[in-house]
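First residue of the sequence shown? That's 2 in the working numbering, and the numbers climb one at a time after it. Only one structure is covered here, and it is reproduced in the block below.
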Amino acid sequence: MSGQLLDLMGEAAKRPLYLVDAPTLTERDRRSAIATWQGRMVNEWVSARIFKDLQLQAADAGLSSAWRDKLARFEADEYRHGTQCAAAVVALGGEARQTLPDLPPVPTHGDTCALEGLMRNVLSVSCLSETVAVALINSERLESGPRELERTLRLILADEVGHARFGWRLLDELAPKLGPVRKKRLSAWLRLAFGHLEAHELRELPAGPAPSQQAAEVGVCDGNEARSLFYETVSTVIVPGLERRGLAAQAAWQSRVAA
Ligand SMILES: [Fe+2]
Ligand SMILES: [Fe+2]
2 MSGQLLDLMG
12 EAAKRPLYLV
22 DAPTLTERDR
32 RSAIATWQGR
42 MVNEWVSARI
52 FKDLQLQAAD
62 AGLSSAWRDK
72 LARFEADEYR
82 HGTQCAAAVV
92 ALGGEARQTL
102 PDLPPVPTHG
112 DTCALEGLMR
122 NVLSVSCLSE
132 TVAVALINSE
142 RLESGPRELE
152 RTLRLILADE
162 VGHARFGWRL
172 LDELAPKLGP
182 VRKKRLSAWL
192 RLAFGHLEAH
202 ELRELPAGPA
212 PSQQAAEVGV
222 CDGNEARSLF
232 YETVSTVIVP
242 GLERRGLAAQ
252 AAWQSRVAA
């Protein structure tokens, strides 16, 4: 998938968005908004690939079909989100075409058993990344001006809540069976996961304010606020949620390994 061209022009044309109530944008704001939605389009496609890999890992780990079916649905959700973001790109006057980045396979964690390996990935994907995504997308939704863009973000948000909840629910089910040694190993591994999460979010979120209120209304986030929201979500939602389930998340966050 690396280096492939992702071309969603055809998909965007099937579900066009009409931004009849869009603010007047400078050319700079418009380009910035297009780049933002193009980036989201790519990220959604990357997420779909991750959920595809997780389905195989979940089968190896012996998860029930109920859990595995959810992962299959999440893969489909992420592809749909990609086309929804593509429609936003086109509505803003851009081209829903981007080169896909390098995407190594989701780690299989050969140093441990299939279930613990899966738990590492589910913690990273659902409990960390998707939980942060819920906070960030909700904030962007609240800033949205055009009704159609707000609706797009609201629909995506509803799915992302499910993607995050999956990890928390799976942890609820499995945590009592993990035992102290596995919990200790998972807690140690969280140091790496938190380091990767922070590096990823800081790369994605620009260090600076949105160029204008109008740009913010069509999806360009205020990077300073988004970064604050990221750290707040880690400290008030993710770390306490993991601690409640018996993982030493506070210590892991404080000693996170820079990626
Ligand atoms: Fe998504
Ligand atoms: Fe997601």
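Quick reminder that beta carbons are idealized off the backbone N, C-alpha and C, glycines included.
Ligand 2 has a heavy atom closer than 7 Å to the beta-carbon of His164. Residue environment: Cys114 is assigned as exposed (fewer than 16 neighbouring CB atoms within 10 Å of its CB, all protein chains considered).
For Arg186, the secondary structure class from DSSP, reduced to helix, strand or coil, is helix.
In the structure shown, Thr100 falls within a strand segment according to DSSP collapsed to helix, strand and coil. Shown here, Asp8 sits in a strand according to DSSP, grouped into three states.
Short of 7 Å from the beta carbon of Ile51, and not among the five residues preceding or following it, lie these beta carbons of its own chain, in chain order: Val107 and Val126.
For the pair Ser130 and Arg74, the Cα-to-Cα distance works out to about 18 Å. Here Leu101 has Met2, Ser3, Gly4, Gln5, Leu6, Leu7, Val43, Trp46 and Val47 as same chain residues with Cβ atoms under 8 Å from its own Cβ, once five neighbours each way along the sequence are excluded. The beta carbon of Asp160 lies closer than 6 Å to those of Asp78 in the same chain, with the five residues before and after it left out. Collapsing the DSSP output to three states places His197 in a helix.
With respect to the C-alpha of Arg246, the residue from Leu55, Trp169, Glu12 and Gly209 having the closest C-alpha is Trp169. Non-local beta-carbon contacts of Trp254 in its own chain, meaning distances under 7 Å to residues more than five positions away in sequence, involve Phe195, Val235 and Val240 in chain order.
The Cβ neighbour count for Arg204, taken over all protein chains shown within 10 Å, is under 16; the residue is labelled exposed. Close to ligand 1, as judged by a C-beta nearer than 6 Å to any of its heavy atoms, are the residues Glu45, Ser48, Glu79, His82, Ile157 and Glu161, in chain order.
Note on Val91: 16 or more other CB atoms within 10 angstroms of its CB, so buried under the neighbour-count rule.
Rounded to whole angstroms, the gap between the alpha carbons of Gln56 and Glu117 is 15 Å.
DSSP, read as helix, strand or coil, puts Gly209 in coil. Taken atom to atom, the span from the alpha-carbon of Pro24 to that of Val135 is near 25 Å. Counting only residues of its own chain and dropping the five nearest sequence neighbours on each side, Arg155 has a CB closer than 7 Å to the CB of Arg142. The Cβ atoms of Gly209 and Gly220 lie no closer than 8 Å to each other. DSSP, reduced to helix, strand and coil, places Tyr232 within a helical segment of the structure shown.
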